[in-house]
Amino acid sequence: MHSDGHARRITLAASDQTFECGAGDVMLRSALRAGIAFPYECNVGACGNCKFELVEGEVDVVWPEAPGWSAKDRERRRYLGCQSAPRGDCTIRMRPSAHYAPKHAPRHVSGTLTARRAITHDIEEFCFDLSGDMPFEPGQYALLTLPGVAGPRAYSMSNIADAAGQPRELHFQIRRVPNGQGTGVLFDALEPGARIDIDGPYGMAYLRRDVKRDILCIAGGSGLAPMISIARGVAAEPALDDVKLHFLYGGRTPRDVCGRDMLEALPGWAERLHFQAAVSDVTPDSETVWDGHVGFVHTVAESLFGERLRDMEIYFAGPPAMGAAIQRALVALKVPFEQVHFDQFY
1 MHSDGHARRI
11 TLAASDQTFE
21 CGAGDVMLRS
31 ALRAGIAFPY
41 ECNVGACGNC
51 KFELVEGEVD
61 VVWPEAPGWS
71 AKDRERRRYL
81 GCQSAPRGDC
91 TIRMRPSAHY
101 APKHAPRHVS
111 GTLTARRAIT
121 HDIEEFCFDL
131 SGDMPFEPGQ
141 YALLTLPGVA
151 GPRAYSMSNI
161 ADAAGQPREL
171 HFQIRRVPNG
181 QGTGVLFDAL
191 EPGARIDIDG
201 PYGMAYLRRD
211 VKRDILCIAG
221 GSGLAPMISI
231 ARGVAAEPAL
241 DDVKLHFLYG
251 GRTPRDVCGR
261 DMLEALPGWA
271 ERLHFQAAVS
281 DVTPDSETVW
291 DGHVGFVHTV
301 AESLFGERLR
311 DMEIYFAGPP
321 AMGAAIQRAL
331 VALKVPFEQV
341 HFDQFY
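Residue numbers are given in the UniProt record's numbering: position 235 of the sequence shown equals residue 235, and the series is strictly consecutive.
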């Protein structure tokens, strides 16, 4: 990345739009900071949704092995916005899409770890106090730069902005990934009082406050966090008083199930906020007797709601295989695409 401290001017080909990319920043995030609707999904090099064509200028590629970037892209001077740091002024070609216009311009803050607590055997909540405001919508995520870990890690917030809309803390509910670099540092190396850089918010699967349909949130694994944020957002939004929210959590075994206590604490619990859980593996273990749903979460959602799903606003987050199965099920049921919200994580 360029280190002379000067911002680079980026021009969008065939338009008069320009934006500045500061030292240490990348094309995608600096465009979003400038309010430009640059398409993206994962923000960490995996999906390829933020590709652009480099018309003039040179870029440094932050992670040359990024799965979303191919040899053919390189030959065609196509690059990933989330992995490209300009060496000088550049002209790029990409197609802005209004869908991606940021509701809140992402910003850099530092976060101090103040507390952590266990939620299940492998999910913990980490709370950070912020050095400055970082407004965000329920369901969005931030990029955390962790000591000794190459590249930022994307984690979703589980809390919501306070009434003034100026959150000074962020809560993340994170599942420990076996041999995961990022979660290894979070779970084993980060002590209370540690400060890290946080950049956000990002993500398109945020609560649509202007839609009055009933809501279904489907979560698995650490997909818990953004779905809890959306449930909290619904409970706190007077305009959504008449909306019912159904929360469905899918775990492998009974000890993986979580989230119910967080919904029970919200106004409207049992009247308009409902929680159900499903497990895919009920081999008897000595700890828990399971009397909930059995099966994969997408089939349980189908059996619970059936064709009603077409009239719901649906949000989901969880492991990639779960997300793909939910998408296939919703397509088969002819749920309108614009009523389905998720961010692709890998």
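Heads up, the beta-carbon is just placed ideally off N, CA and C, and yes, glycines get one too.
_Entirely enclosed beta strand (DSSP E) segments - the UniProt domain "FAD-binding FR-type" (106-208), minimum 3 residues_ = Runs of the beta strand (DSSP E) inside the UniProt domain "FAD-binding FR-type" (106-208): 107-118, 123-130, 141-145, 153-156, 169-175 and 195-202.
ask   = What are the uninterrupted segments assigned as alpha helix (DSSP H) that are 4 or more residues long and contained completely in the segment 24-57, given in chain order?
value = The segment 24-57 contains these whole alpha helix (DSSP H) runs: 27-33.
Note to self: Quick check on D291: does DSSP put it in helix, strand or coil?
What the structure shows: Under the three-state reduction of DSSP, D291 is assigned to coil, being neither helix nor strand.
For A85, three-class secondary structure by DSSP = Strand.
ask   = Pick from A329, K334, G318 and L333: whose alpha carbon is nearest that of Q344?
value = Nearest of A329, K334, G318 and L333 to Q344, Cα basis: G318.
Requested in this report: Could you check which residue in G180, A161 and M204 has the C-alpha nearest to that of A98?
Outcome: Among G180, A161 and M204, the Cα nearest to that of A98 belongs to M204.
Does DSSP put E65 in a helix, a strand or coil?
Coil.
*How would you write the range of the alpha helix (DSSP H) that G323 sits in, first residue to last?*
Note, G323: alpha helix (DSSP H), P320 to A332.
According to DSSP, is R9 part of a helix, a strand, or is it coil?
Strand.
Next on the checklist: Does the segment 88-97 come into contact with the segment 110-125, if we say contact requires no fewer than three beta-carbon pairs (one atom in each stretch) closer than 8 Å?
Outcome noted: Judged by Cβ distances under 8 Å, the segment 88-97 makes no contact with the segment 110-125, as fewer than three pairs qualify.
Assuming S158 and I218 form a contact by the criterion Cβ under 8 Å, report the distance between their Cβ atoms to the nearest whole angstrom.
-> Wrong, their Cβ atoms sit about 16 Å apart, outside the cutoff.
| said: Tell me which residues share the same chain as T18 and place their Cβ nearer than 8 Å to its Cβ, disregarding the 5 neighbours each side in the sequence. | reply: Cβ neighbours of T18 beyond the five flanking positions: R9, I10, T11 and L12.
Q.
Within 7 Å of any Cβ in chain B, is that where the Cβ of R153 sits?
A. The chain labelled as chain B is not found in the depicted structure, where only one protein chain is given.
Could you name the residues of the same chain whose beta carbon sits closer than 6 Å to that of K103, not counting the 5 residues immediately before and after it, in chain order?
So the list reads E137, once near-sequence residues are dropped.
Per the DSSP calculation, Q344 is bridged to which residue(s)?
Answer is none; Q344 lacks a bridge partner.
### Task
Measure the alpha-carbon distance for L130 versus S303 and round it to whole angstroms.
A direct Cα-Cα distance of roughly 43 Å separates L130 from S303.
Checklist entry - Which residues in the same chain as A194 place their Cβ atom closer than 6 Å to its Cβ, once the five residues preceding and following it in sequence are excluded? => result Only L113 meet the Cβ criterion.
Classification of S222 by the beta-carbon crowding that lies within 10 angstroms, buried from 16 upward
Label assigned to S222: buried.
Cut-off 6 Å between Cβ atoms - residues of its own chain near D281, not counting five sequence neighbours on either side
Taken in chain order, the residues that qualify are R252 and T253.
- Item | Meets three-Cβ-pair contact criterion under 8 Å: the segment 267-279 and the segment 176-190 | Touching, no.
What does the alpha-carbon distance come out to for the pair G268 and F316? Rounded to whole angstroms, G268 to F316 spans 21 Å at the Cα level.
### Query
Which residues mark the beginning and the end of the alpha helix (DSSP H) in which R260 is found?
Counting along the chain, the alpha helix (DSSP H) containing R260 begins and ends at R260 to E264.
inquiry  = So for A71, helix, strand or coil by DSSP?
reply    = Helix, per DSSP.
Quick check on R33: buried or exposed, where buried means 16 or more other Cβ atoms within 10 Å of its Cβ? Burial check for R33: the Cβ neighbour count within 10 Å reaches 16 or more, so the residue is buried.
To the nearest angstrom, how far is it from the Cα of A325 to the Cα of T299? Computed Cα separation, rounded: 9 Å.
Continuous alpha helix (DSSP H) assignments of at least 4 residues falling wholly in the segment 215-249: Taking only runs of at least 4 residues, the alpha helix (DSSP H) segments lying wholly in the segment 215-249 are 224-236.
- Item | Inter-residue CB distance, I123 and C21 (contact presumed, cutoff 8 Å) | Here I123 is actually not in contact with C21; their C-beta atoms are around 36 Å apart, not less than 8 Å.
*Are the beta-carbon atoms of G68 and F38 separated by less than 7 Å?*
With contacts defined by Cβ atoms closer than 7 Å, G68 and F38 do not form a contacting pair.
>> The beta strand (DSSP E) that contains L273, what's its start and end?
In response: Unbroken beta strand (DSSP E) run through L273: L273 to V279.
Checklist entry - Does the Cβ of N43 have 16 or more other Cβ atoms within 10 Å, making it buried, or fewer, making it exposed? => result So N43 counts as buried.
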